[in-house]
Structures are given as C-alpha cells and as structure tokens.
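Down below is the structure, laid out as structure tokens.
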Amino acid sequence: MTRAHVHSALLALDDPDKPWRIRAGQSGADIVAEWHMIEPAWGRGRDREQTERRFKFVLRLDESAREARVLAHVHEVTRRGKNLRWVAEKKVGRGPRTRVWSKKFHWEKDAEGRRQRVYSVDFDSNYMRDPMQKVVLGSGWTWRGVHRLT
Numbered sequence: 145m146t147r148a149h150v151h152s153a154l155l156a157l158d159d160p161d162k163p164w165r166i167r168a169g170q171s172g173a174d175i176v177a178e179w180h181m182i183e184p185a186w187g188r189g190r191d192r193e194q195t196e197r198r199f200k201f202v203l204r205l206d207e208s209a210r211e212a213r214v215l216a217h218v219h220e221v222t223r224r225g226k227n228l229r230w231v232a233e234k235k236v237g238r239g240p241r242t243r244v245w246s247k248k249f250h251w252e253k254d255a256e257g258r259r260q261r262v263y264s265v266d267f268d269s270n271y272m273r274d275p276m277q278k279v280v281l282g283s284g285w286t287w288r289g290v291h292r293l294t
C-alpha cells in the first residue's frame with residue numbers, strides 16, 4: 145500500500161471518544177499521536193500529590209523501505225504540596241521501546257453485592273500504540289522503533 149494510504153488510515157484512528165489525539169505532523173514528522181493526562185490529586189496538606197503525564201508517538205513514513213519509523217517521547221511531572229506548586233519529580237525520556245502505564249483503583253460493590261475494582265486512573269501507552277501498529281502492519285509495512293528520526 146502507498147504512503148498516502150497508510151497516512152490516511154492512521155489519521156482515521158483519531159476519535160473524539162478516545163483520550164488521545166492523532167494528527168498530521170510538522171517539521172519532519174508525518175503523524176503525531178499524543179496523550180496528555182493529569183491524574184486526580186490525592187492526599188492532604190503538604191502530602192498532597194498530583195502527576196501530569198504527556199506521551200507522544202512521532203512517526204515518519206518511508207515509502208521506499210515500506211516502514212514506519214516511530215519515536216516515543218515521555219514527559220512526567222509530579223507536583224506536591226498544599227497548592228501543588230512544588231515540583232517533586234520530573235521524568236523525561238524518549239526512545240524506541242518506551243512504555244508508560246499507571247493504574248489506580250478502588251473497590252466498590254456491584255448490584256449483586258460482590259466487590260469489584262473501579263479504575264480512577266487507567267493510563268497505558270499501549271492503548272494508543274496497538275491500533276496504530278495494527279494499521280501499519282496490516283498495510284504490509286514494518287513498524288520500527290528508533291532513537292532518532294532520520
């Protein structure tokens with residue numbers, strides 16, 4: 145399949161019901177998929193904490209090699225304190241095999257009285273990567289994680 149077909153199929157994955165956005169890229173990138181999430185704050189007073197995560201896939205489509213070169217970017221900031229102003233931790237990374245996930249849940253009883261897990265935070269970068277990878281591989285192309293887009 146052609147580059148234009150793969151490009152349009154990837155853009156078609158953008159869905160307003162999903163927590164991430166897929167758009168046409170700029171300055172060397174063909175597709176950019178980004179997920180920005182702020183976890184609910186928890187704790188009290190000086191122990192209050194909140195984490196903000198930004199995960200991004202940048203894809204470049206190479207029609208001659210029939211491959212999608214993929215670079216993942218991760219940016220996490222954890223703020224603490226009464227007003228969440230103090231930056232307690234900052235993580236930044238990029239590379240070919242970067243995965244970020246965070247799951248937080250609490251227990252509730254269902255209609256029948258059985259305990260069940262209810263997720264308040266369910267963040268996994270594979271939720272975004274898997275459909276894109278399926279489109280690329282289904283088109284007969286190769287999905288290649290890279291350290292640098294060239």
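Each step along the sequence shown adds one to the number in the working numbering, with nothing skipped, and position 27 is 171. Where is the CB? At the ideal position from N, CA and C, for every residue including glycine.
Nearest candidate by alpha-carbon position, reference residue i, set the options
{"i": "R167", "options": "M181, S152, D161", "result": "S152"}
{"i": "R188", "options": "G225, R288, E256, Y263", "result": "G225"}
{"i": "E207", "options": "G289, W285, V290", "result": "W285"}
{"i": "D268", "options": "E183, D174, L155, A173", "result": "E183"}
{"i": "V221", "options": "L228, K234, R229", "result": "K234"}
{"i": "N227", "options": "A173, R192, W287, V150", "result": "R192"}
{"i": "H250", "options": "M272, A148, W186", "result": "W186"}
{"i": "K247", "options": "Q170, Y271, V279", "result": "Y271"}
{"i": "D158", "options": "Q170, H291, M276", "result": "M276"}
{"i": "H291", "options": "H217, A148, D174", "result": "H217"}
Counted within 10 angstroms of its Cβ, other Cβ atoms place residue i as buried (16 or more) or exposed
{"i": "K162", "result": "exposed"}
{"i": "L281", "result": "exposed"}
{"i": "W179", "result": "buried"}
{"i": "A209", "result": "exposed"}
{"i": "V262", "result": "exposed"}
{"i": "T294", "result": "exposed"}
{"i": "T146", "result": "exposed"}
{"i": "W164", "result": "buried"}
{"i": "A212", "result": "buried"}
{"i": "D266", "result": "exposed"}
Limits of the alpha helix (DSSP H) - the one that residue i falls within
{"i": "V236", "result": "Where V236 is concerned, there is no enclosing alpha helix (DSSP H), although the beta strand (DSSP E) it sits in stretches over 230-239."}
{"i": "S152", "result": "147-155"}
Rounded distance between the beta-carbons of residue j and residue i, thought under 8 Å
{"i": "F199", "j": "V244", "result": "5 Å"}
{"i": "M181", "j": "R197", "result": "5 Å"}
{"i": "V236", "j": "V202", "result": "In fact, because the Cβ distance is near 15 Å, the residues do not count as touching under 8 Å."}
{"i": "R238", "j": "L215", "result": "6 Å"}
N- and C-terminal bounds of the beta strand (DSSP E) containing residue i
{"i": "R273", "result": "No beta strand (DSSP E) contains R273, which is instead part of the alpha helix (DSSP H) from 270-282."}
{"i": "R243", "result": "Element bounds for R243: n/a, residue is neither H nor E."}
{"i": "R288", "result": "286-289"}
{"i": "A168", "result": "164-168"}
message = If we require 3 or more residues per run, which beta strand (DSSP E) segments fall completely within the stretch 175-216?
response = 175-182, 193-206
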